Amino acid sequence: MLLLDANRVVGAGRLIEAMWDGEPPATASRQLHNAIAAIRRSFTVAKHIVVKDGPGYRLQVDPQDIDSHQFTTMIARASAAAAGGRTTMAIELLEAGLALWEGPALSGLNSPILDITAAKLEEKRLSATEQLLGLRLYGGDAAAVVPQLGELVSQNPLREETRRLLIIALYRSGRKADALNVYEKGRRLLRDEIGVDPSLNLRELYERILRDDLPQPKQRAEPTSPVPISDGQPAVAPTHCGGACANRSFLPYDTAHFTGRVKELQFLMTAPRSETETTLGIVAIDGMAGVGKTTLAVRLAHQLAHQYPEGHLFIDLHGHTHGQDPMEPDAALERLLLDFGLSPAQIPQDMRQRAARWRAEVADRRVLVVLDNALDAKQIRPLLPGTGKAHVIITSRRRLVGLDGVTSRTLDVFSIADAAALFTKISGVDRTDNRPDALAEIVALCGYLPLAISIAASRFHNRPAWSLDHLILRLRDERQRFAELTLGDRSVAASFEVSYRNLSTEQRRLFCVLGFTTHPGEEFDASTAATLMEISVSAADRLLEELFDAHMLMQRAAGQYYLHDLLREYARGKVAKELDIHDGTLNALGHSAY
Numbered sequence: 046m047l048l049l050d051a052n053r054v055v056g057a058g059r060l061i062e063a064m065w066d067g068e069p070p071a072t073a074s075r076q077l078h079n080a081i082a083a084i085r086r087s088f089t090v091a092k093h094i095v096v097k098d099g100p101g102y103r104l105q106v107d108p109q110d111i112d113s114h115q116f117t118t119m120i121a122r123a124s125a126a127a128a129g130g131r132t133t134m135a136i137e138l139l140e141a142g143l144a145l146w147e148g149p150a151l152s153g154l155n156s157p158i159l160d161i162t163a164a165k166l167e168e169k170r171l172s173a174t175e176q177l178l179g180l181r182l183y184g185g186d187a188a189a190v191v192p193q194l195g196e197l198v199s200q201n202p203l204r205e206e207t208r209r210l211l212i213i214a215l216y217r218s219g220r221k222a223d224a225l226n227v228y229e230k231g232r233r234l235l236r237d238e239i240g241v242d243p244s245l246n247l248r249e250l251y252e253r254i255l256r257d258d259l260p261q262p263k264q265r266a267e268p269t270s271p272v273p274i275s276d277g278q279p280a281v282a283p284t285h286c287g288g289a290c291a292n293r294s295f296l297p298y299d300t301a302h303f304t305g306r307v308k309e310l311q312f313l314m315t316a317p318r319s320e321t322e323t324t325l326g327i328v329a330i331d332g333m334a335g336v337g338k339t340t341l342a343v344r345l346a347h348q349l350a351h352q353y354p355e356g357h358l359f360i361d362l363h364g365h366t367h368g369q370d371p372m373e374p375d376a377a378l379e380r381l382l383l384d385f386g387l388s389p390a391q392i393p394q395d396m397r398q399r400a401a402r403w404r405a406e407v408a409d410r411r412v413l414v415v416l417d418n419a420l421d422a423k424q425i426r427p428l429l430p431g432t433g434k435a436h437v438i439i440t441s442r443r444r445l446v447g448l449d450g451v452t453s454r455t456l457d458v459f460s461i462a463d464a465a466a467l468f469t470k471i472s473g474v475d476r477t478d479n480r481p482d483a484l485a486e487i488v489a490l491c492g493y494l495p496l497a498i499s500i501a502a503s504r505f506h507n508r509p510a511w512s513l514d515h516l517i518l519r520l521r522d523e524r525q526r527f528a529e530l531t532l533g534d535r536s537v538a539a540s541f542e543v544s545y546r547n548l549s550t551e552q553r554r555l556f557c558v559l560g561f562t563t564h565p566g567e568e569f570d571a572s573t574a575a576t577l578m579e580i581s582v583s584a585a586d587r588l589l590e591e592l593f594d595a596h597m598l599m600q601r602a603a604g605q606y607y608l609h610d611l612l613r614e615y616a617r618g619k620v621a622k623e624l625d626i627h628d629g630t631l632n633a634l635g636h637s638a639y
């Protein structure tokens, strides 16, 4: 646990939970203390490698000494290299990263918490393997990657990306019949196991293969300068990339299901931009998990793109991504510089030098930069250009109150009309016509949250036998509601979990207590929170404001807070485990608020 969170405080409670599966013994704290002491004794030179820090412990170590950190760093650099067209470097980095693996992640350790972490690492390993085989495939090595892809598909039969790569590899190896057979097996498996059709991407691939309309990949010339893999590549003097920067656009596609947000879009479109040569135009979109921040940012970027002809950059900072750590600023700067046209040899290793190089490259250039899914202001600051011709769009689940000069817009959940319109667009007009009452109840059960509505509508669209009334019955069951609001890799509960895990221990405790003790839509203030937590009113006020800034609480009037209905349900599901209290105590706690 300490190595996985190196140089960060790991709470004593979390360490105890990892050490004991189930109810820990009464001596758990003492045994944890003894275990820490034993770790310290094992380091004869660096006895202070593990230090007590506040409510937990912190292991002080160079991240480069940890193989999981090395792997994550190499994969991030490989992705940046691939995005910049440097396929050879990307392949070498992926091979080096995957070579660090000597077996299953955290093998031999038995703990529910570590099992979750191991699963995340294995997911990264599988994604890296897919990326490596995909690069080889698109590099013309189709026949050679078929055996590995076939093995991956047999191990992960429901994983569509792996199946897609295998289908392409078989087709490009002259095995069209086998490619079609792999698709058909996957289609039947998806239908029989989880009741869905293959994704649109996979269906379109199938149709193109039927028509023999799948062209061979185009070979792109790579940089002729040497590209070292080590971290010791030299920095070079800044040189602008000239015309090569123009028309570099990395914006994601603008969804056809975009709904509402007329006022928000108008506000952001007319926000101040480049008033002088020294002031930078920055807009920030914040809001709770699943409220549609990225969707709005992408729509805004596409509408502004023509005003910034020298490049459109987009980077996901993974501030709140399930199964991924937030991107470090130095890795983000490397990605931005590669996307802007620099070769790896031109990128300094020191973060301050990278930030300076980034500012030098975009100086006096009309560039649009989208920094999506930011963790906080600290992650953002090194990535901001230094002059006023660029324009920056930021999205975050946190209010970025620490950034100066930012025009901010907080997204609320949808109105009933916009929520119903989104559901209808996705599910189809023919499935929802003349049932406004049913639509109103469905979107209300989804909390008017765009992510929840999109998932519910997609499930409904792919189940022709379902009626609106059947969907309503499924969503009414509070015990199964989050299961209903899960589809593939999209999940309301998983999205909430990332926000929850970024809270401090005391913030989590208050969030859970409030979820258990309040009714849907009920408002509360600092005095109520202080009573529930047995802390001072000022301490309760601070915690409430922190939860509000993290969009885990909502507010209608100053000093009055409430929980979004789905967040309240999520908190109630967490309370028994997180607070480590029994039903009798929970009941007493519930009565204490009234």
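All residue numbers for the sequence shown refer to the numbering used here, where the first residue is 46 and numbers rise by one.
Even glycine gets a Cβ: it sits at the ideal position worked out from N, Cα and C.
Every value quoted in this text rests on a predicted model; they were computed, and no experiment measured them.
Q. According to DSSP, is Ser199 helix, strand or coil?
A. helix
(Q) Looking at Asp449: is its Cβ nearer than 9 angstroms to the Cβ of Gly364? (A) no
Q | Three-state secondary structure (DSSP) of Gln424 | A | helix
(Q) Between Pro495 and Val336, how many whole angstroms is the CB-CB distance? I'm expecting something under 8 angstroms. (A) 6 angstroms
(Q) Could you give the first and the last residue of the continuous beta strand (DSSP E) run that contains Leu104? (A) 101 to 104
Q. DSSP puts Tyr216 in a beta bridge; with which residues?
A. In DSSP, Tyr216 forms no bridge with anything.
(Q) Need the endpoints of the beta strand (DSSP E) that Asp361 sits in, please. (A) 357 to 361
Q.
Assuming Leu474 is part of the alpha helix (DSSP H), what are its boundary residues?
A. One detail in the question is off: residue 474 reads as Val in this sequence, not Leu. It spans 474 to 477 - the alpha helix (DSSP H) in which Val474 sits, taken as one unbroken run.
Q) Hey, which unbroken runs of the beta strand (DSSP E) at 3 residues or more fall wholly within the stretch 368 to 439? A) 413 to 419
Q: Would you grab the beta carbon distance between Ile360 and Leu416 for me? Rounded to a whole angstrom, and I think it's under 8 angstroms.
A: 6 angstroms
Q. At a cut of 8 angstroms, does the stretch 575 to 590 reach the stretch 458 to 468 through at least three beta carbon pairs?
A. no
Q: Report the residue from Ala595, His564, Glu579, Ser572 whose alpha carbon sits nearest the alpha carbon of Tyr607.
A: His564
Q: Output the distance between the C-alpha atoms of Ser87 and Asn79, rounded to the nearest integer angstrom.
A: 12 angstroms
Q.
Tell me the DSSP secondary structure of Ser453 in three-state form.
A. strand
Q: Enumerate in chain order the residues of its own chain whose CB-to-CB distance from Gly101 is below 6 angstroms, with the five nearest sequence positions on each side excluded.
A: Val54, Val55, Gly56, Ala57
Q) How far does the beta strand (DSSP E) with Ile158 in it reach, from first residue to last? A) Looking at the DSSP string, Ile158 is not in any beta strand (DSSP E); the run it does join, the alpha helix (DSSP H), is 157 to 183.
**Q.** Gly58, enclosing alpha helix (DSSP H) - first and last residue
**A.** 57 to 64
Q. How would you label Leu154, buried or exposed, when you count the other beta carbons within 10 angstroms and need 16 or more for buried?
A. exposed
Q: Counting only the same chain and skipping the five closest in sequence on each side, list residues whose C-beta sits under 8 angstroms from that of Ala289.
A: With a pLDDT of 43 at Ala289, under the threshold of 50, the modelled position of that residue is not reliable, and no figure is offered here.
Q. Does DSSP classify Gly326 as helix, strand or coil?
A. strand
Q) Applying the criterion that 16 or more other CB atoms from any shown protein chain within 10 Å of the CB defines a buried residue, is Glu62 buried or exposed? A) buried
Q) Taking Cβ positions, are Leu520 and Leu484 nearer each other than 9 angstroms? A) no
Q.
Judging by CA-CA distance, which residue of Asn246, Leu445, His357 is the nearest neighbour of Glu591?
A. Leu445
Q.
For a test of the three-state rule: what should DSSP assign to Val96, helix, strand or coil?
A. strand
**Q.** Met333: first and last residue of the uninterrupted alpha helix (DSSP H) it sits in
**A.** Neither: Met333 is in no alpha helix (DSSP H) and is coded neither H nor E.
Q: Please determine, among Val198, His436, Gln109, Ser124, the residue with the shortest C-alpha to C-alpha distance to Gln44.
A: Residue 44 cannot be examined here, being either before or after the span of the chain that is shown, 46 to 639.
(Q) Can you check which of these residues, His596, Ala408, Gly566, is closest to Val543 by C-alpha distance? (A) His596
Q. How would you call Ile161, buried or exposed, if buried means at least 16 neighbouring beta carbons within 10 angstroms?
A. exposed
(Q) Using only the alpha-carbon positions, how far apart do Leu49 and Ala163 sit? (A) 10 angstroms
Q | Whole-angstrom C-beta distance between Pro430 and Val451, which should lie under 8 angstroms | A | Rounded, the Cβ-Cβ distance is 14 angstroms, inconsistent with contact.
Q. Excluding five sequence neighbours on each side, which residues of the same chain lie with their C-beta closer than 7 angstroms to the C-beta of Lys221?
A. Ile254
**Q.** Gln424 to Arg402 span [Cα, whole Å]
**A.** 17 angstroms
(Q) If you reduce the DSSP assignment to three classes, tell me which class Thr300 lands in. (A) coil
Q: Sort out for me which residues DSSP pairs Ala602 with in a bridge.
A: Gln605
Q: Report the rounded CA-to-CA distance for Thr339 versus Arg535, giving the unit in angstroms.
A: 14 angstroms
(Q) Taking DSSP's pairing of strands, which residues face Thr531 in a bridge? (A) Ser536
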